[in-house]
Structure formats: C-alpha cells, structure tokens
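Report on the following structure.
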Amino acid sequence: MSRHVIAATRDLPPGGRRVVTIKGRAIAIFNIAGEYFGLLNRCPHQGGNLGEGRLIGLVESGEPGDYRYSRPGEILRCPWHGWEFDLRSGRSRCDPARIQAKCFAVRVAPGEALGEGDYVLETFPVTVEENYVVVEV
Ligand code: FES
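Position 65 of the sequence shown, counting from 1, maps to 114 under my numbering, and the rest follow consecutively.
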C-alpha cells in the first residue's frame with residue numbers, strides 16, 4: 050500500500066470533491082463536513098462516474114408516516130441510474146450484502162510528516178505549515 054498526497058486541505062474544503070488518478074485508477078475524493086472519503090470512480094452497476102453523483106442524506110422509516118433523515122451528504126447517488134452508496138462503507142443502499150463500491154482510506158496529514166514516510170507527492174509544492182489530504186492505495 051502506498052500513500053499519495055493529492056491536495057492541500059484548503060484546496061478541498063467541506064462540500065468539495067475531486068477525482069484523482071492513482072496507479073491508473075480514478076478515485077473520487079469527497080470532503081463531507083471536514084471528513085474525507087474516497088471511492089473508486091466507477092459504479093459497480095454499469096461503470097457510471099461516482100464522482101459526479103449527487104450527495105444526499107439517509108432516509109429511514111420504521112413504519113408508514115414515520116421518517117427519519119440523518120447523515121446529510123454521506124449517501125452518494127450514481128448519476129447514471131440512481132443506485133445509492135454509503136460513503137463510509139461503499140455498500141449499496143439497496144443490496145449492501147452483495148454490492149459495494151470500492152473504498153479507499155483518506156486522511157489528513159500535517160506537512161511536516163510528509164518527509165518522514167513513503168508518501169508519493171503528485172505535482173505541487175508542499176510546505177510544513179499546511180495539512181494535506183492523503184489517499185492510501
Ligand atoms: S451505472 Fe451506476 S447506477 Fe447504473
């Protein structure tokens with residue numbers, strides 16, 4: 050597994066998203082309220098670009114007339130046919146046991162730590178004063 054620095058955190062603010070290509074794989078990165086998520090940019094149904102999908106919340110119901118809305122922005126709807134995926138697990142909302150979008154770990158690393166590990170820096174300068182979004186592939 051390798052760790053790839055893809056952006057400074059200021060360049061991927063809450064509500065932001067970006068598709069990056071690492072080792073030939075397109076990965077969609079999302080910042081949801083300061084928390085980062087990464088999914089393969091290819092829907093397991095027929096290959097739609099998940100990075101272009103609409104972000105919605107979770108709607109659950111125990112009985113008719115009783116609806117609960119939670120986790121705003123953590124459910125991704127594929128732009129092609131509307132399948133929905135949980136950003137935390139990649140699991141399909143319709144068939145979570147069988148269908149899953151591939152997830153990648155995304156975290157924030159301080160600039161001073163980037164010189165200490167096996168990070169792969171893409172194509173921009175890095176300073177120790179900033180934090181960076183890092184994807185593990
Ligand atoms: S390709 Fe994503 S729902 Fe069909």
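For glycine and all other residues, C-beta sits at the position ideal for the given N, C-alpha and C.
### Task
Along the beta strand (DSSP E) that carries Asn180, what are the first and last residues, could you check?
Asn180 to Glu185 is the span of the beta strand (DSSP E), which, as asked, contains Asn180.
### Task
Taking all protein chains shown into account, decide if Tyr85 is buried (16 or more other Cβ within 10 angstroms of its Cβ) or exposed.
By the neighbour-count rule (16 or more Cβ atoms within 10 Å), Tyr85 is buried.
### Query
Roughly how far, in whole angstroms, is the beta-carbon of Gly87 from the beta-carbon of Ile76, given that I think they are within contact range, below 8 Å?
Yes, they are in contact, since the Cβ atoms of Gly87 and Ile76 sit about 5 Å apart, within 8 Å.
### Message
According to DSSP, is Glu161 part of a helix, a strand, or is it coil?
### Response
Helix, per DSSP.
### Task
Could you pull the start and end residues of the beta strand (DSSP E) that Ala77 belongs to?
Segment Arg74 to Ile81, the beta strand (DSSP E) holding Ala77.
### Boundaries (first-last residue) of the beta strand (DSSP E) holding Glu87
The sequence shown places Gly at residue 87, rather than the Glu named in the question. For Gly87, the uninterrupted beta strand (DSSP E) run begins and ends at Glu84 to Leu89, by DSSP.
### Query
In the structure shown, what three-state DSSP assignment does Leu99 receive?
Look at Leu99 here: in three-state DSSP terms it is helix.
### Message
Taking only three categories from DSSP, how would you classify Thr70?
### Response
Three-state DSSP puts Thr70 in a strand.
### Message
Does the contact criterion of 3 or more C-beta pairs under 8 Å hold for the region 91-104 versus the region 123-141?
### Response
Judged by Cβ distances under 8 Å, the region 91-104 makes contact with the region 123-141, as three or more pairs qualify.
### Message
Considering only heavy atoms of the ligand FES, does any lie closer than 6 Å to the CB of Gly97?
### Response
Correct: Gly97 has its Cβ closer than 6 Å to the ligand FES.
### Query
To which residues of the same chain is Val155 closer than 8 Å at the C-beta, ignoring the five residues directly before and after it?
Ile78, Tyr85, Phe86, Gly87, Val182, Val183, Val184 and Glu185.
#### Entry: Bounding residues of the beta strand (DSSP E) (the contiguous stretch that carries Gly122)
Its beta strand (DSSP E) spans residues Asp115 to Arg126.
### Query
How big is the Cα-Cα spacing for Thr58 and Ala82?
Distance between the alpha carbons of Thr58 and Ala82: 12 Å.
### Task
Alpha carbon to alpha carbon, how far is Trp132 from Gly122? Give it in angstroms, no decimals.
Their Cα atoms are separated by approximately 15 Å.
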